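Each residue of the first sequence is one higher than the last, beginning at 282 in this note's numbering.
Accompanying notes for the structure given below.
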Amino acid sequence: MTEQSLLFLGTEADRSYLPYLKPHLKGHKCFIDLRPVSTVAEVEIYAKADHRRVTGVLSTSQQLLSRFANTPDPSLDAYSGSYFKRNGLEYVFLNPLEHAVTVPYGDFLLSRFTSKFVEREKWLRTPDFNWCILTPLNWEKEYATFSSPAVIAIAPDIETFRYNLAIRCIGFTAITSENGTFRTRSIVIPMDSNWALTVARKLADLPAPKIFQNGKYDNSYCLRYNIIFRNWLWDTKTFFNSWYSELPKDLAFLQSFFVREAAYWKDLAESADLETYYLYNAKDTWATACSFLAWMMEAPDWAKKNFLMDFPGVYPRILMEMQGVKRNLPNLEKADKELDVMLEEKRAKLDRMLGVKGFNPNSNKQMPALFKILGCADLGSTDDKSMAKAIFRHPLNARILGTIRGIPKTEIVEKMGIRSMVKMRGTYLKEEKDFNGRWLYAIDPDATDTGRCKSHDHHFWCGAQIQNVPVGKTVKQTIEADGDFYFAECDLEQAETRHTAYITGDENLLAAINSGRDFHALNVQAFFGIPYASVYDDVLKKVLNKVIRNIGKRVNHGANYNMGPDVLVDTMGEEAIYEASRLLKLPSRWTAREIATYLLACFDKAYPTIRSKESGGYHEYIIATVKTTKTLTNALGWTRYCFSDPAKNKQALNAYVATLPQGQNAKALNQSVMKVFYDLAIHPEHSKNFRLVADIHDSIFFQYRAGHEYLADRVKERMEIEIQCKDIKGRTRSFTVPAALKLGKKNEQGELVRAKFWHETE
DNA sequence: TGGCTCTGCGCC
DNA sequence: AAAGGGCGCAGAGCCA
């Protein structure tokens, strides 16, 4: 590698962080200048001076960036890692150096992007970009290239019109490999004729494996056109989440990460010029192809294993997304009307109490003002927890804030607070979000840090996410099963707690979870010494002491997430904390914080290996594992790369402590979803009588046709899979999380009434 | 008007 | 000093 001379053009804000740049320069000479720059010419004169002979410019200057970007006010963050070459001088833009300290992966990216200059030989030698617009005149020649056996993969990408969901153009980049050299060819089909449609279908049907970036989007649109992509086997978004799940995942970031010479080009999409727009489309496909090559060459085996686990999950998810669920319009209107009436009533009541007109409890200006008047400004927030505290302080507060807060999580509309009602109407009860009478959503198997699926609104710019629909009748009564189908849900029971038990190997937790008895009542006995028999009756299967059982439940929950005492007070609420104190006969002079500290200590005594600071505990194991390997791998074989140091940062510790149980459960459920998909949802014998609706973290929500109840049992069978799990001391056990099928409700005669609406599965 | 941040809240 | 994990989305308010 030849000695290089670099120039860092930063800003004053970078000054105190310059030491973080140095180790990444790998000994190369680097001039530093923090003065404002206004023109490229100025930089060139400075850099090319004989005594400097600078070849590469690293810059955190937004001002300089604006000379390169195609937009008037480009964002440094969007362009970080972007590369430009002008007049023989190369430029790479970076986020402010401060990120090296303030962002967990800041130093990592600083190193990576700096290596575009100091370790250029490590980067994929990018194939040249060459492209054309496909026309009836050139298409045969291009098609011959694309269908040649030398093509190892094809990266397609579509551009769409949002207002009518039409495909505007489709780009394809073919990767060919000859004698170890990769070449690309890119083409764009403007989708403006039947000829274009025919050609697009032909290209999609080619046997070469297809690479998409977030391909569920493209394939959703193409399915409407009957453009069927054969061999969709790769996805760069899934790739990236498989390797560095904590990093950003948008395409622009991916290209700057994988392609040395890539510049952020998304702003070309704003272009009114058609040819520029098609160029943008072609570049998208080319960048996707290059990212694919770079990932294949660079990603470690564990990331590839993650990919193989996650990618097939796109097939059941796209099926769920394209089907959605039916809305029942009369029920939707009824629910909305009911909320509307109650909302107006409560708003009027609140206004009367406050002596004003139109007080808005959702306003971040008005609510703090109200808190100030009520003497609660010290709470620092006006969220639900703070409202609970304010209400606890004084009956007047209770009267006023009660209208805003209502009874949390209640299923009765009359008891709901203003905020909940606004939330329900705005988020879940808007008819205009539906698509031909159906609620659509997206479910991504490749988008979270822990490996869970994530839901959001649909690719067709409608619908809403399906994983946070409020419990209870109000919203769920608007979701109706199709034709002669019924709804059912199958839930994994106590899934994450069971995973925690087998990961930590905590003997007490294992015993509790496997006793077949009521887990929370056992906790009450273990935590507080209150006899199990006074909390739960095993024979009648009945809770005898709801209050104390609930306290046990919440302490368990809090400790599992490694809460501190203050947060436990917040989540439980002072009322419940003092109630616990009374029930457990704790010293009456104790503060809420002291009570919470005691409650958490009770958990630690009962389950000594979970949070224990002593040697051999789970938290210590997490800290040590991340320190030595920077990764955490769960029993299903999914690995998370960890950028933060859990020894130095409690938030990071909490995240990493949670990642194994959460991710392990997620991957187990994913296996079940795959089985249900292949064995039932698309099985020739069953697909007519079975529909997958969604997977929701620890449950599968589906429909079966009347007379085909056995299909529900088959879902349950496929969810109860055996898991081999090695605990932190190296002992392997196998276990199965039990699943519970919810088909409907029993009527007065004790007969099962099957669920026609979603709330009836609860 | 659209885009942005902030706050708050829905779920597991 | 204090620290609950994983998410998406709506409304308010500010700014260009």
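Don't be surprised by glycine CBs; every beta carbon is placed ideally from N, CA and C.
All values derive from a computational prediction rather than experimental measurement.
Would you grab the beta carbon distance between residue i and residue j for me? Rounded to a whole angstrom, and I think it's under 8 Å.
i: P408; j: T465; result: 4 Å
i: V373; j: Y364; result: 5 Å
i: V954; j: G594; result: 7 Å
i: Y937; j: L917; result: Y937 to L917, Cβ: 17 Å. No contact.
i: L233; j: S980; result: Lying outside 282 to 1043, the shown extent of the chain, residue 233 is not represented and no answer is given.
i: A616; j: Q758; result: 6 Å
i: A575; j: S467; result: Contact flag wrong, Cβ pair sits at about 17 Å.
i: I832; j: A861; result: 5 Å
i: L682; j: M702; result: 15 Å between Cβ atoms; not a contact.
i: E770; j: K1023; result: 5 Å
i: H305; j: S428; result: Contact doesn't hold; Cβ gap of about 45 Å is too wide.
i: G944; j: G732; result: 4 Å
i: L346; j: D314; result: Rounded, the Cβ-Cβ distance is 15 Å, inconsistent with contact.
i: L1047; j: L881; result: There is simply no residue 1047 to check, as the chain begins at 282 and stops at 1043 in what is shown.
i: T920; j: N507; result: So it is not a contact: roughly 39 Å between Cβ atoms.
Measure the C-alpha to C-alpha separation of residue i and residue j and round it to an integer number of angstroms.
i: R348; j: K303; result: 26 Å
i: S537; j: V432; result: 25 Å
i: M705; j: P751; result: 8 Å
i: E421; j: A477; result: 13 Å
i: I699; j: E875; result: 34 Å
i: V469; j: L560; result: 8 Å
i: L710; j: N612; result: 10 Å
i: G605; j: A993; result: 19 Å
i: S342; j: L357; result: 8 Å
i: E440; j: I509; result: 16 Å
i: E325; j: F398; result: 17 Å
i: E1029; j: A1036; result: 16 Å
i: A745; j: R719; result: 11 Å
i: S340; j: K403; result: 21 Å
i: E966; j: N804; result: 46 Å
i: F662; j: P649; result: Residue identity differs from the one stated: residue 662 is Ser in this sequence, not Phe. Distance between the alpha carbons of S662 and P649 is about 7 Å.
i: Q494; j: D438; result: 8 Å
i: A568; j: L941; result: 33 Å
i: N376; j: Q344; result: 13 Å
i: F534; j: A359; result: 7 Å
i: D565; j: G1011; result: 46 Å
i: G839; j: L950; result: 24 Å
i: R830; j: I693; result: 24 Å
i: N843; j: S523; result: 27 Å
What are the partner residues of residue i, as DSSP defines its beta bridges?
i: D314; result: L290
i: M697; result: G687
i: Y767; result: Y985
i: S736; result: I724
i: W1046; result: Outside the displayed span of the chain (282 to 1043) sits residue 1046, for which this structure offers no information.
i: D818; result: K823
i: A928; result: Beta-bridge pairing links A928 to no other residue.
i: G897; result: DSSP lists no partner for G897.
i: R1014; result: C1006
i: F493; result: D516
i: T914; result: T920
i: L1033; result: K1027
i: I451; result: I439 and I470
i: S458; result: F463
i: S297; result: Note: S297 sits in no beta bridge, so no partner.
i: S980; result: D772
Please list the terminal residues of the continuous alpha helix (DSSP H) segment that includes residue i.
i: C923; result: C923 -> no alpha helix (DSSP H), and no H or E assigned at all.
i: A650; result: Q647 to I654
i: V399; result: G387 to V399
i: R995; result: Y991 to M1000
i: Q748; result: It is not in any alpha helix (DSSP H) - Q748 carries neither H nor E in the DSSP assignment.
i: S667; result: D665 to R674
i: R892; result: P889 to R892
Under DSSP, the beta strand (DSSP E) around residue i begins and ends at which residues?
i: D976; result: F971 to D976
i: C571; result: Taken as a continuous stretch (DSSP letters only), C571 belongs to no beta strand (DSSP E), being part of the alpha helix (DSSP H) at L555 to E579.
>> List, from N- to C-terminal side, the alpha helix (DSSP H) runs of 4 residues or more that fit wholly inside the region 827-881.
In response: 827-841, 846-853 and 855-864
> Taking the runs of the beta strand (DSSP E) that are 3 residues or longer, which of them lie wholly in the region 302-372?
Replying inline: 310-314, 337-340 and 364-367
> What are the start and end residues of each continuous alpha helix (DSSP H) run of 4 or more residues lying completely inside the region 753-812, in chain order?
Replying inline: 754-757, 776-785, 788-795 and 800-809
> Unbroken beta strand (DSSP E) runs of length 3 or more, entirely within the region 578-621: which are they?
Replying inline: 606-608
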